[in-house]
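*Asks:* First the structure, which I've put down as structure tokens, then a few questions once you've had a look.
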Amino acid sequence: MTPGAANVRDWQYMTGREIDAVDRSTAVVIVACSPLEVHGPHLPVITDNLEAQGIADRAIELMAERHPEAVFLRLPPIYVAADVLPHVGSVMFRSSTITRVLEDLGRSLAVQGFKNIWVSSFHGGPRHFVPIEVACDRVNRRYGARMVSLFSLLINRLTGGSSDLSTILGHLDGVSKEDLVGDTHGGAVETSLMLHLLGQHVAGGYQDLPQRTVDGRLRERGEPALVKGSRPTLPELMRGFKVKLRYFEEETYSGHPAVASAELGEAFLDTLAGHAVDALSELWTGQLSLERCHSPLWKIRHIFTNPAVSWLFERAVGHRSRVF
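Each residue of the sequence shown is one higher than the one before, counting from 0 in numbering that gives the first Met the number 0.
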């Protein structure tokens, strides 16, 4: 996944002198921060992190076409993440750890003069991406950086806070919007992305997996579906959070893996990266302020970053985890 025409270098292979020679005014440091997490019976646990890297790499290529002056420095990926599926194989960290790791990373980069820092992720757990936003906000305020969470920026512009991409990707050839409704974890989208990015590590049998979703489970139990509005209310968000926690205690995917293909994965990647670059280009040219880069959950961030609140919520819904 090495971009071709873009001016991109891997930080870990550069010498200190080479890094110091980079023009800070045109440099962008990019890092992926997503979990090692169980994704169905068919996808490797590196799925989210590799998708974050893949979208970032494609975005780099597209950014280079619009802004050839930009120099991209790619850091090794980080696997510190929260809100992972509570199944053996997932690796879980506290939300506070995510914030501390990325805050320290941003501080170290900023004091060296690298102020443009983009954190790529492809994990929809609010106790993961909201702490990333908190870290970015602290670094920006304290060190004058321009550090952003790409995932938060995307869901703000595209889904209003949801991980459901059916309205964004359902128009592409080879898939229907109905195929993608409720496709939020290990389904058609992620299986396709992984077939494209790392097909040799996708286990066989995904073609036989039935479409299974959170709303489908609710229908089976005679309960109302989750609200799919572009801007769900706080009670709607909290109900969705509770329902999904309970669903993924039993299931390891939500979606329709059987319709996946490598060709769809490439199309999905291009589409998501294209939306990312539209936003990042505005950020790069100063048209988009840092305040507008937050997710819709930013206003209620304390709910997802306060450990006491998380503990009480999990106890109230009877959440069980085998990994933390």
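No residue lacks a Cβ here, since even glycine has one placed at the ideal position from N, Cα and C. Just so it is clear, the structure is predicted and the values come from calculations on it, not from any experiment.
What is the DSSP secondary structure of Met146, reduced to helix, strand or coil?
*Replies:* Here Met146 sits in strand by DSSP.
*Asks:* How is the beta strand (DSSP E) around Val213 delimited, first residue to last?
*Replies:* Taken as a continuous stretch (DSSP letters only), Val213 belongs to no beta strand (DSSP E), being part of the alpha helix (DSSP H) at Val213 to Glu219.
*Asks:* Does the separation of the CB atoms of Ala31 and Ala5 fall below 8 Å?
*Replies:* Cβ distance not < 8 Å, so Ala31 and Ala5 don't count as in contact.
*Asks:* Are the beta-carbon atoms belonging to Thr251 and His86 less than 8 Å from one another?
*Replies:* Yes; because the gap between Cβ atoms is below 8 Å, this pair is in contact.
*Asks:* Can you give the beta carbon distance from Ala325 to His195, rounded, assuming they're within the 8 Å contact cut?
*Replies:* In this structure the chain extends from 0 to 323, so residue 325 is not present and cannot be described.
*Asks:* Taking a contact to mean a Cβ-Cβ separation below 8 Å, would you say Val147 touches Ser89 in this structure?
*Replies:* It is not a contact, given that the beta carbons lie outside the stated cut-off.
*Asks:* Is Leu233 buried or exposed, if buried means 16 or more other CB atoms sit within 10 Å of its CB?
*Replies:* Exposed: under 16 other Cβ atoms inside 10 Å.
*Asks:* In whole angstroms, what is the alpha-carbon distance linking Leu74 and Arg93?
*Replies:* About 22 Å.
*Asks:* Have a look at the DSSP bridge pairing and note the partners of Ala26.
*Replies:* Answer is Val70.
*Asks:* With DSSP run on the structure shown, which of helix, strand or coil describes Ala20?
*Replies:* Ala20: coil per DSSP, three-state reduction.
*Asks:* Using 8 Å as the threshold, is the stretch 54 to 71 in touch with the stretch 19 to 36, meaning 3 or more CB pairs across them?
*Replies:* These segments touch.
*Asks:* Pick helix, strand or coil for Leu271, following the three-state DSSP scheme.
*Replies:* Note: Leu271 maps to helix in three-state DSSP.
*Asks:* Determine which residues share a DSSP beta bridge with Ile77 and list them.
*Replies:* Its beta-bridge partners are Cys32.
*Asks:* Taking DSSP's pairing of strands, which residues face Ser119 in a bridge?
*Replies:* Bridge partners of Ser119: Ala31.
*Asks:* What first and last residue would you give for the alpha helix (DSSP H) that runs through Val188?
*Replies:* From DSSP, the alpha helix (DSSP H) with Val188 extends over Ala187 to Leu197.
*Asks:* So, are the CB atoms of Val138 and Arg106 less than 8 Å apart?
*Replies:* Yes.
*Asks:* In whole angstroms, give me the CA-to-CA distance for Val180 and Met193.
*Replies:* Rounded to the nearest angstrom, the two C-alpha atoms are 19 Å apart.
*Asks:* Under 7 Å Cβ to Cβ from Leu61, same chain only, skipping five residues before and after it: list those, please.
*Replies:* So the list reads Ala272, Gly273 and Val276, once near-sequence residues are dropped.
*Asks:* Going by C-alpha distance, which of Ala266, Phe267 and Cys292 is nearest Ala278?
*Replies:* Nearest C-alpha to Ala278: Cys292.
*Asks:* Have a look at Leu244 and Gly285 and give me their C-alpha separation to the nearest angstrom.
*Replies:* Whole-angstrom Cα-Cα distance: 38 Å.
*Asks:* Roughly how many angstroms separate the alpha carbons of Ile154 and Gln11, rounded to a whole number?
*Replies:* Between Ile154 and Gln11, the C-alpha separation is close to 30 Å.
*Asks:* Report the residue from Leu263, Pro76 and Met13 whose alpha carbon sits nearest the alpha carbon of Gly169.
*Replies:* Looking at the Cα atoms, Leu263 is the closest of the given residues.
*Asks:* DSSP three-state call for His184: helix, strand or coil?
*Replies:* It is a strand residue.
*Asks:* Measure the CB-CB distance between Ser324 and Lys176 and report whether it falls below 8 Å.
*Replies:* Because residue 324 is not part of the residues shown, which for the chain are 0 to 323, the question remains open.
*Asks:* According to DSSP, simplified to helix, strand and coil, what is Leu157?
*Replies:* Note: Leu157 maps to helix in three-state DSSP.
*Asks:* If I follow the unbroken beta strand (DSSP E) through Asp400, where does it start and stop?
*Replies:* Here the chain covers residues 0 to 323 and nothing more, so residue 400 does not appear.
*Asks:* Relative to the C-alpha of Trp310, which residue among Leu287, Asp82, Ala266 and Leu108 is closest?
*Replies:* Trp310 has its Cα closest to that of Asp82, out of Leu287, Asp82, Ala266 and Leu108.
*Asks:* Is there a Cβ from chain D that is less than 8 Å from the Cβ of Gln52?
*Replies:* In summary, chain D is missing from the structure at hand, where a single protein chain is found.
*Asks:* List the endpoints of the continuous alpha helix (DSSP H) containing Gly239.
*Replies:* Looking at the DSSP string, the run of the alpha helix (DSSP H) that includes Gly239 is Leu233 to Glu249.
*Asks:* Classify His327 as helix, strand or coil using the three-state DSSP reduction.
*Replies:* Residue 327 lies beyond the stretch modelled for the chain, which goes from 0 to 323, so this question has no answer here.
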